[in-house]
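As they're listed, the protein sequences go chains A and B. Anchor point for the first sequence: position 304 equals 303 in numbering that gives the first Met the number 0, and the numbering is continuous, going up by one each time. Anchor point for the second sequence: position 93 equals 92 in numbering that gives the first Met the number 0, and the numbering is continuous, going up by one each time. Even for Gly, the Cβ is constructed at its ideal location relative to N, Cα and C. Data block below; observations after.
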Amino acid sequence: MKTNTSALHSIKHSLIPSVIVDKDIQIVEWSETLLHFFKLEKDLVLKELSELLADIADASKNQIALSENFTETIPVINRNGQERWIKVNAYPFCDKGEFFQISFDDVTFDKNQFDLAQQAKRMAKVGSWTVDLVNDKLFWSNMTKTIHEVSNDFIPDLEKGINFYKEGKHRDLIIKLVAECIESGKSFDEELIIVTAKGNEKWVRAIGNADRTNNKTIGLRGIFQDIDSVKRQQIEYERVNKRLRIAIDSANVGVWDFDIIHNNLIWDDKMYELYDVNKKDFNGVYDLWESTIHPEDKERAAFEVEQAINGKKELNTEFRIIKQDGSIAHIHAEAEVFWNKKGAPYRMIGANMDVTRMKRKDERLRHLLNVTEKQNQRLLNFTNIVSHNLRSNSSNISMLSGMLKTNLSADKQREFIEMIQTSSSNLDETIVHLNETIKIQATDGREIHQTPVKECIENVIESINALVIESSAKITIKIDESLKVNAIKPYLGSVFLNLLTNSIKYHNPKKQLKIMVTAKVLQNQTIISFSDNGIGIDLKKHGLKMFQMYKTFHNNKDAKGIGLFITKNHMEAMNGKIEVQSEPNQGSTFHLYFMNNSKKLR
Amino acid sequence: MTTNKIFLVDDDLIFRKAATVLLGQELSEFDVEHFENGLEVYNELIELAEASEKLPQLILLDINMPVMNGWELLEELKSAPHQIRQQCQIYILTSSIAPEDMNLSKTYEFINGYITKPLTSEDLKRIAENLA
Numbered sequence: 000m001k002t003n004t005s006a007l008h009s010i011k012h013s014l015i016p017s018v019i020v021d022k023d024i025q026i027v028e029w030s031e032t033l034l035h036f037f038k039l040e041k042d043l044v045l046k047e048l049s050e051l052l053a054d055i056a057d058a059s060k061n062q063i064a065l066s067e068n069f070t071e072t073i074p075v076i077n078r079n080g081q082e083r084w085i086k087v088n089a090y091p092f093c094d095k096g097e098f099f100q101i102s103f104d105d106v107t108f109d110k111n112q113f114d115l116a117q118q119a120k121r122m123a124k125v126g127s128w129t130v131d132l133v134n135d136k137l138f139w140s141n142m143t144k145t146i147h148e149v150s151n152d153f154i155p156d157l158e159k160g161i162n163f164y165k166e167g168k169h170r171d172l173i174i175k176l177v178a179e180c181i182e183s184g185k186s187f188d189e190e191l192i193i194v195t196a197k198g199n200e201k202w203v204r205a206i207g208n209a210d211r212t213n214n215k216t217i218g219l220r221g222i223f224q225d226i227d228s229v230k231r232q233q234i235e236y237e238r239v240n241k242r243l244r245i246a247i248d249s250a251n252v253g254v255w256d257f258d259i260i261h262n263n264l265i266w267d268d269k270m271y272e273l274y275d276v277n278k279k280d281f282n283g284v285y286d287l288w289e290s291t292i293h294p295e296d297k298e299r300a301a302f303e304v305e306q307a308i309n310g311k312k313e314l315n316t317e318f319r320i321i322k323q324d325g326s327i328a329h330i331h332a333e334a335e336v337f338w339n340k341k342g343a344p345y346r347m348i349g350a351n352m353d354v355t356r357m358k359r360k361d362e363r364l365r366h367l368l369n370v371t372e373k374q375n376q377r378l379l380n381f382t383n384i385v386s387h388n389l390r391s392n393s394s395n396i397s398m399l400s401g402m403l404k405t406n407l408s409a410d411k412q413r414e415f416i417e418m419i420q421t422s423s424s425n426l427d428e429t430i431v432h433l434n435e436t437i438k439i440q441a442t443d444g445r446e447i448h449q450t451p452v453k454e455c456i457e458n459v460i461e462s463i464n465a466l467v468i469e470s471s472a473k474i475t476i477k478i479d480e481s482l483k484v485n486a487i488k489p490y491l492g493s494v495f496l497n498l499l500t501n502s503i504k505y506h507n508p509k510k511q512l513k514i515m516v517t518a519k520v521l522q523n524q525t526i527i528s529f530s531d532n533g534i535g536i537d538l539k540k541h542g543l544k545m546f547q548m549y550k551t552f553h554n555n556k557d558a559k560g561i562g563l564f565i566t567k568n569h570m571e572a573m574n575g576k577i578e579v580q581s582e583p584n585q586g587s588t589f590h591l592y593f594m595n596n597s598k599k600l601r
Numbered sequence: 000m001t002t003n004k005i006f007l008v009d010d011d012l013i014f015r016k017a018a019t020v021l022l023g024q025e026l027s028e029f030d031v032e033h034f035e036n037g038l039e040v041y042n043e044l045i046e047l048a049e050a051s052e053k054l055p056q057l058i059l060l061d062i063n064m065p066v067m068n069g070w071e072l073l074e075e076l077k078s079a080p081h082q083i084r085q086q087c088q089i090y091i092l093t094s095s096i097a098p099e100d101m102n103l104s105k106t107y108e109f110i111n112g113y114i115t116k117p118l119t120s121e122d123l124k125r126i127a128e129n130l131a
């Protein structure tokens, strides 16, 4: 037989790796690219196809012998151990079927991709199904069978398939969906529960599409996916989320979400409720926040938010807001900042809680604690007095009376008896002082009333008129007739009396005594100041003891060390306080602070 | 040497009078000088320290006094001429029975004793033994 050798030679330079074989499957020619493709030496003489592909099936050879085209993908192990997938295409080279050209293509990459896709399908537990309505056949892929937990030789039909769906709403729904799909070609995609052959309940995703010709559904095909774990996680997440939501709602917690990059703040409905504002009335939520926050807290709170964004300090703070009706609420705020991989903050989520009621309780508790502490202090003073003043007088009496028994002169005896009398009257006086101290109880505010100041001072001056005239003191009262302070009237009188008599007692003998009483009304408190030009006191030395019981500071025989102690107690019982400024030989000024709105001084 | 002097420091006149009579009975060889507070006795002691033989042998010191109390005086004496601390026997004589006061007195090395009122002749006899 004649051979067109030039034609055979033409493949020598073919870019596609290929060989030409004769009818006996003996290689007669090959392309140069083939040597490179199979990594063969250049001067090699090829004869048998099996030199190239050891595993090429005899069947393939037979096909070539029968002059048939064929395509096969064959795995080949390289000399260096690598696996390659080679697609072999064989077709007759010339019309007479004398020679065949076989070309090779490396499809390793495609094959791997395909495997990966298969694997992904297995991992994702995606199966498929088709229904041939004409022949009434249902086909399930292996994965679909695995999901149903049936063996691979299970033969499904439409009825069996549908009966896997859980009785009740799941089965009813799939019946309806399939019927619609058959009737009108409407696709479906639904998450449903099946009960597998082994009796397990499973969430699946069923997707179905209709095959239609001439407006008639001839078949259905679809995808069947096991979504059980995802679905259950989702259900659990929703359940937890719902529980959290209930917790947040009942705890009166508002949640906000701040997009730092776009400067966009979102509030949930609870936040609007907490801040007592209408959602529609504001354009920007941040402006709204700023507008409601108490002016005294604004700078600090904004600074703390900034610090949180900069990662310096977590946000966990409290501030006050002013509601529309003017009332003040205390807000507790906590937040978390989210940073991107570069460490830049991009989002901040926080929670706000109205802690006003807690705060009030806390304040009341603190107030009670304060009262208790003061009572304790008074008790301590009381025991100090028991220890000192009572004992000093009683020990004098016992010492003197004991000595009366010894042989003393009649004069001395008389003197001792007089001293015993003095001691016992001192004892009596001490007990009176103690009584006064005990009487000043902490008030709960009910006894505190608006009391006119000037009238009260004038009454006090009137009551000690003789003393004032004797001291030739010049008293100036620069107080408006109408001024009133929150006070307990008898205490207020007692305070004024004490300060006035102190000024007279400790006047500078070289100067005319001048006393000035003034008042200053501030927003929260009224301050009444008592100034004199008396001998004053060295506060560096005595400042701390100034208002303690039985502390005296001058060599004055009249000094008892009780007046300022009682004055301080009176002021505190009226929720006020007393302060002193003084310089030796310059005079003293006492400032009396009264609260204007029956709240505690801090 | 020191003189036969006792400094009685107390703001309570009645106590001073009664104590003086008692001291006259038990320590008759001594002269008793009265001081009403810590500052008065401090000024006197500082003056006497220059001629140390004039310092008193015994100081009876009350705690609760105006102007300068007993503790304040003791603090001042810490940095005063050492003759005062060495030559004078100092007894605290107080109506306070508070343990704090008693403990505080122990922190001063130059204090010889702590006596609670009323002062008795037994107290003075004990002091006399130490003076001899």
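field: Closer than 8 Å at the beta carbon, the chain B residues around A:Arg390
entry: Ser94, Ser95, Ile96, Lys116
- prompt: Under 7 Å Cβ-Cβ, which residues of chain B neighbour A:Asp399?
  reply: Note on residue identity: the sequence assigns Leu, not Asp, to residue 399 of chain A. Under the 7 Å cutoff, chain B gives Ala17.
task: For A:Leu600, I'd like the list of residues in its chain whose CB is within less than 8 Å of its CB, leaving aside the five on either flank, ordered along the chain.
output: At A:Leu600 the pLDDT is 41, less than 50, meaning the model places this residue with poor confidence; the figure from the coordinates comes in the next sentence. For A:Leu600, where only same-chain residues beyond five positions count, the Cβ hits under 8 Å are Gln524, Asn574, Gly575, Lys576, Tyr592, Met594.
field: Proximity test, Cβ basis, 8 Å: A:Lys411 and chain B
entry: yes
- prompt: Would B:Asn63 count as contacting chain A if we go by Cβ distances under 8 Å?
  reply: yes
query: Along chain A, in chain order, which residues have C-beta atoms closer than 8 Å to that of B:Asp11?
result: Ser391, Asn395
- prompt: Quick one: is A:Arg390 buried, meaning 16 or more other Cβ sit within 10 Å of its Cβ, or exposed?
  reply: buried
- request: Answer with buried or exposed for A:Phe337, where buried requires no fewer than 16 other C-beta atoms within 10 angstroms of its C-beta.
  value: exposed
- request: Establish whether the CB of A:Thr429 and some CB of chain B are separated by less than 8 Å.
  value: no
query: Sorted by chain position, which residues of the same chain lie with C-beta nearer than 8 Å to B:Ile13's C-beta, five sequence neighbours on each side aside?
result: none
query: Would A:Ser424 count as contacting chain B if we go by Cβ distances under 8 Å?
result: no
message: If contact is defined by three or more beta carbon pairs under 8 Å, each pair taking one atom from either stretch, is the stretch 70 to 89 of chain B in contact with the stretch 350 to 363 of chain A?
response: no
message: In whole angstroms, give me the CA-to-CA distance for B:Ile126 and A:Thr429.
response: 32 Å
message: On a Cα-Cα basis, can you pick out the residue from A:Ile476, A:Ile468, A:Ser127, A:Ser393 that is closest to A:Val452?
response: A:Ile476
- prompt: Could one say the Cβ of B:Val171 lies closer than 8 Å to chain A's Cβ atoms, at least one of them?
  reply: Since the displayed chain B opens at 0 and closes at 131, residue 171 of chain B lies outside it and no answer follows.
message: Need the endpoints of the beta strand (DSSP E) that A:Lys120 sits in, please.
response: Note, A:Lys120: premise wrong, no beta strand (DSSP E); alpha helix (DSSP H) at 107 to 122.
- request: Specify, as a first and last residue, the run of the beta strand (DSSP E) that A:Gln612 falls within.
  value: The displayed coordinates of chain A run from 0 to 601. Any statement about residue 612 of chain A would go beyond what the structure contains.
message: Strictly below 7 Å CB to CB, what residues from chain B border A:His387?
response: Asn63, Ser94, Ser95
message: Would you say B:Leu59 lies against chain A (beta-carbon separation less than 8 Å)?
response: no
- request: Establish whether the CB of B:Phe14 and some CB of chain A are separated by less than 8 Å.
  value: yes
message: Just list the residues that DSSP pairs B:Ile89 with in beta bridges.
response: B:Ile58, B:Ile110
- request: Please go through the stretch 299 to 362 of chain A and give each complete beta strand (DSSP E) segment of 3 or more residues, from N-terminal end onward.
  value: 314 to 321, 327 to 338, 344 to 353
message: Please state the DSSP three-state secondary structure of A:Lys509.
response: coil
message: Would A:Val203 and A:Asp225 be called neighbours here (beta carbons separated by less than 8 Å)?
response: yes
- prompt: So which residues on chain B does A:Met545 lean against when the C-beta distance must stay under 8 Å?
  reply: What A:Met545 touches in chain B: nothing, since even the nearest Cβ is about 13 Å away.
message: So for A:His590, helix, strand or coil by DSSP?
response: strand
query: So A:Leu314 and A:Glu303 are in contact, right, with Cβ under 8 Å, and what is the actual spacing, rounded?
result: 6 Å
task: Under 8 Å by Cβ, that's how I've got B:Leu72 and B:Tyr107 pegged, so tell me the actual separation to the nearest angstrom.
output: With a Cβ gap of about 10 Å, B:Leu72 and B:Tyr107 do not count as contacting.
message: Give me, in chain order, the residues of the same chain whose beta-carbon lies closer than 7 Å to that of B:Lys53; leave out the 5 immediate sequence neighbours on both sides.
response: Thr2, Leu47
query: Using CA coordinates, which residue listed in A:Val27, A:Thr517, A:Lys510, A:Val106 is at the minimum distance from A:Glu480?
result: A:Thr517
- prompt: Of all Cβ atoms in chain B, is any one closer than 8 Å to the Cβ of A:Met402?
  reply: yes
message: Could you compute how far the alpha carbon of A:Lys483 sits from the alpha carbon of A:Glu446?
response: 15 Å
task: Assign B:Glu121 to one of three DSSP states: helix, strand, or coil.
output: helix
Same chain only: Cβ atoms within 6 Å of A:Asp634, ignoring 5 sequence neighbours per side: The structure shown does not extend to residue 634 of chain A, since chain A is modelled only from 0 to 601, so the question has no answer here.
task: Give the interface partners of A:Thr371 over in chain B, defined as CB-CB distance under 8 Å, in chain order.
output: Chain B residues near A:Thr371: none, gap ~22 Å exceeds 8 Å.
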